[in-house]
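In my numbering, the protein residues as written are 2 to 677. Notes for the one structure printed next.
Next comes the structure, spelled out in structure tokens:
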């Protein structure tokens, strides 16, 4: 079947006047799917007049029976999977099988470009041109205080090489400006470097330094307007470059909407950005003619042509629809509605009046998602379901449930309960509330309580025999009603088996930088591990195994440390570890690192994320690691303008930390990453 498709494509391109395919793809295997129905790419990029083939798969084999549609045929058209670009922009191509299952690929019709600086060294611009590169954004320099140092040493060479090979050029200037005066001086510096040179693309003000990540939006707007205003007065078109996070916060002032945006969003099918942009920096990769890695870009605006520029269209996925236009409850308490979408990301649902009609997620089905609305009170509510790309559908729901008619909360256990030889006991509370009750113990060191599951007529909870004594177990519903009973624990804490460790003798590092040890315990709660001297030997959590937990100690410096691991019940084991890592004759660093992402977040397995670490003070050369390489690995490190761009990649399922170690200091966990 693949040979047949290839022959059909070759025939079409040869005899129908098409050009050869030029496509950048986000993936090369069937990854977008609704189960057995798949498509081979979730994102491709082509130029105007060029074509590429998308292939739909049914049960792992190519299928010719899919129906193909496109959300914006003025940008690209599709015929039996053959996609042809017509106008700069982004659209969505969808394949649908006979069962109604749909899969979608984003199609970007683009101009292809790179951005370069002295970091790339000497560039073979002729080879770059032969790779299909249409434009290059070239760094002029950075800051404004030391022109002899802060002028990009390769600007003139890059400008001459690109223009000599017919590549359209723009420029960017990296900013350290803290106020309007700084911005004006940076503009003067940039103009002196340009020295009247003609540009096809704008001069972009590069806003990504740590100093800008704490500025309020108004001050940031003042700075950008000062720089861009001076550049425009000199006859240059201007724009702003930054990341999605900074555009959504520090650069969010409406005053900046007049400038073209160049947005950095790596590893995405489309930028996760809801404002207009004209250039997308989509990856950091390799290109023939350039030494090492280089930033790769798509432009959705042809700045070199006269007439009205083309702005990128908002990628439109297949229309979100709902099977319900309005609903009024009768004697029932719940109602299920369905939204139809091919999005692999679960939509969110909200109620304008949850005290009357609440809404909860149900499940994913082949052609969309099921949600449940609940009859909570009397009145009306608007139920709105929204996809990740911002599309939404709404309907009105009317509740008719009188709050006073709600039956009281009841429990199947009212008499005191005493544990025997068992460690757990389950009790049930009866309620028709869609909101889970909360359960507490008056003495959790004796009897603890945890949630079990929801059942058709209520909720199951579990109490646990933890110690000796009595506790009152109270379960409280959302409306404040509650039930209680007494539970007596009979478990002696002295009968628990002692915590054991596979390392009891002192351990001394050799040439290795890490060592793993194991503690044996049946506790479901992860023990904590500490080092008495983390500047010599540090300790981090590894993973849970069937009979205990793995921890990692790290050879950080020279000296001894006592490594102590303690369980939730207070039992502990210790051993001595000796670090042997010399500090290379340098004094311990007195500085620190500032990370742009310190809040926990989630990525999918196979996806990447890039952190920005900015040194403060004298730090030497930091080392970057993850706490568990089975979950997250370091996938790239780039030094850019004195800061470190650390790229990590999810490789397994779980949670782990991202660590940076400054010479002479203990490792610091800057961020926790969850990988799904």
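Heads up, the beta-carbon is just placed ideally off N, CA and C, and yes, glycines get one too. Predicted model, so just to flag it, every value in this text is computed and none were measured.
Proximity below 8 Å, CB of residue i to CB of residue j
i           : j           : result
residue 126 : residue 286 : no
residue 95  : residue 103 : yes
residue 678 : residue 200 : In the structure as shown, the chain begins at 2 and stops at 677. Residue 678 is therefore absent and cannot be evaluated.
residue 380 : residue 360 : no
residue 462 : residue 476 : yes
residue 79  : residue 69  : yes
residue 646 : residue 611 : yes
residue 420 : residue 491 : yes
residue 556 : residue 510 : yes
residue 471 : residue 489 : yes
residue 147 : residue 184 : no
residue 644 : residue 618 : no
residue 175 : residue 642 : yes
residue 279 : residue 262 : yes
residue 563 : residue 553 : no
residue 106 : residue 64  : no
Distance, residue j Cα to residue i Cα
i           : j           : result
residue 32  : residue 412 : Residue placement at residue 32 is poorly supported in this model, since its pLDDT is 42, which falls under 50; the coordinates are not used for a value here.
residue 1   : residue 345 : As displayed, the chain neither begins before 2 nor continues past 677, which places residue 1 out of reach and without an answer.
residue 364 : residue 188 : 54 Å
residue 117 : residue 327 : 55 Å
residue 401 : residue 274 : 41 Å
residue 395 : residue 384 : 5 Å
residue 670 : residue 540 : 11 Å
residue 24  : residue 48  : With a pLDDT of only 43 at residue 24, under 50, the local geometry of the prediction cannot be trusted, and the value read off the model is given with reservation. Each residue's alpha carbon lies about 8 Å from the other.
residue 140 : residue 627 : 32 Å
residue 406 : residue 330 : With a pLDDT of 43 at residue 406, under the threshold of 50, the predicted position of this residue should be treated as unreliable, though the coordinate-derived value follows. Each residue's alpha carbon lies about 15 Å from the other.
residue 212 : residue 334 : 54 Å
residue 270 : residue 223 : 33 Å
residue 636 : residue 229 : 36 Å
residue 664 : residue 426 : 52 Å
residue 1   : residue 423 : Since the first and last residues shown for the chain are 2 and 677, residue 1 lies out of range.
residue 29  : residue 367 : At residue 29 the pLDDT is 34, less than 50, meaning the model places this residue with poor confidence and gives no usable figure here.
residue 295 : residue 582 : 35 Å
residue 354 : residue 482 : 21 Å
residue 362 : residue 480 : 21 Å
residue 87  : residue 109 : 11 Å
residue 191 : residue 232 : 8 Å
residue 150 : residue 221 : 26 Å
residue 179 : residue 209 : 12 Å
Minimum Cβ-Cβ distance from residue i to chain C less than 8 Å
i           : result
residue 487 : Any reference to chain C falls outside this structure, which holds one protein chain only.
8 Å contact criterion, which residue i and residue j should meet: CB distance rounded
i           : j           : result
residue 459 : residue 430 : 5 Å
residue 579 : residue 599 : Not confirmed; about 32 Å, so no contact.
residue 449 : residue 473 : So it is not a contact: roughly 13 Å between Cβ atoms.
residue 218 : residue 266 : Not confirmed; about 20 Å, so no contact.
residue 173 : residue 205 : 4 Å
residue 371 : residue 398 : 15 Å between Cβ atoms; not a contact.
residue 113 : residue 168 : Actually they are not in contact, since the Cβ atoms of residue 113 and residue 168 sit about 10 Å apart, beyond 8 Å.
residue 538 : residue 574 : With a Cβ gap of about 16 Å, residue 538 and residue 574 do not count as contacting.
residue 297 : residue 115 : 6 Å
residue 194 : residue 152 : 6 Å
residue 82  : residue 57  : 7 Å
residue 132 : residue 288 : 6 Å
residue 601 : residue 661 : Actually they are not in contact, since the Cβ atoms of residue 601 and residue 661 sit about 17 Å apart, beyond 8 Å.
residue 535 : residue 667 : 4 Å
Contact test: residue i Cβ vs the ligand HEM heavy atom, cutoff 7 Å
i           : result
residue 378 : Annotation note on the ligand HEM: not contained in the displayed structure, which lists no ligands.
Legend entry - Validate contact between the stretch 296-307 and the stretch 335-346 using beta carbons, cut 8 Å, 3 pairs: No: fewer than three Cβ pairs fall under 8 Å.
Inset, instruction - Could you tell me whether the stretch 435-451 touches the stretch 513-521, using the rule of 3 or more Cβ pairs below 8 Å? - result: Cβ pair count under 8 Å is below three, so no.
Legend entry - the stretch 601-618 in contact with the stretch 189-207 per 3-pair CB rule at 8 Å: Under the Cβ criterion (8 Å, minimum of three pairs), the stretch 601-618 does not count as touching the stretch 189-207.
Inset, instruction - Please determine if the stretch 654-665 and the stretch 630-637 are in contact, where contact requires at least 3 C-beta pairs separated by less than 8 Å. - result: Yes: the two stretches touch, three or more of their Cβ pairs being nearer than 8 Å.
Inset, instruction - Please determine if the stretch 248-258 and the stretch 231-240 are in contact, where contact requires at least 3 C-beta pairs separated by less than 8 Å. - result: Touching, no.
Inset, instruction - Report yes or no: do three or more beta-carbon pairs, one from the stretch 152-168 and one from the stretch 117-132, lie closer than 8 Å? - result: They touch, by the three-pair rule.
Inset, instruction - Enumerate, from N- to C-terminal direction, the unbroken beta strand (DSSP E) stretches of 3 or more residues contained entirely within the stretch 439-505. - result: Those beta strand (DSSP E) runs which fall completely within the stretch 439-505 and span 3+ residues are 439-442, 448-456, 459-466, 469-477, 483-491.
Inset, instruction - Kindly provide the ranges of any alpha helix (DSSP H) runs that are 4 or more residues long and lie completely inside the stretch 154-215, ordered along the chain. - result: Uninterrupted alpha helix (DSSP H) stretches at least 4 residues long and entirely within the stretch 154-215 occur at 156-165, 181-195, given in chain order.
Legend entry - Segment contact, 8 Å Cβ cut-off, at least three pairs: the stretch 347-357 with the stretch 322-336: The answer is no - the stretch 322-336 does not touch the stretch 347-357, with fewer than three Cβ pairs under 8 Å.
Inset, instruction - Could you pull out every unbroken alpha helix (DSSP H) segment of at least 4 residues lying fully inside the stretch 101-148, listed in chain order? - result: Listed in chain order, the complete alpha helix (DSSP H) runs (minimum 4 residues) inside the stretch 101-148 are 126-131.
Inset, instruction - Output the residue ranges of the beta strand (DSSP E) runs that lie fully inside the stretch 238-316 and measure 3 residues or longer, sorted by chain position. - result: Complete beta strand (DSSP E) runs here, min 3: 239-244, 261-265, 280-287, 294-300.
Legend entry - Whole runs of the beta strand (DSSP E) within the stretch 345-415, excluding any shorter than 3 residues: 349-352, 358-366, 369-376, 379-387, 393-401, all fully within the stretch 345-415.
Legend entry - Whole runs of the beta strand (DSSP E) within the stretch 606-663, excluding any shorter than 3 residues: Qualifying beta strand (DSSP E) stretches, in chain order: 609-617, 624-627, 633-641, 644-651, 655-662.
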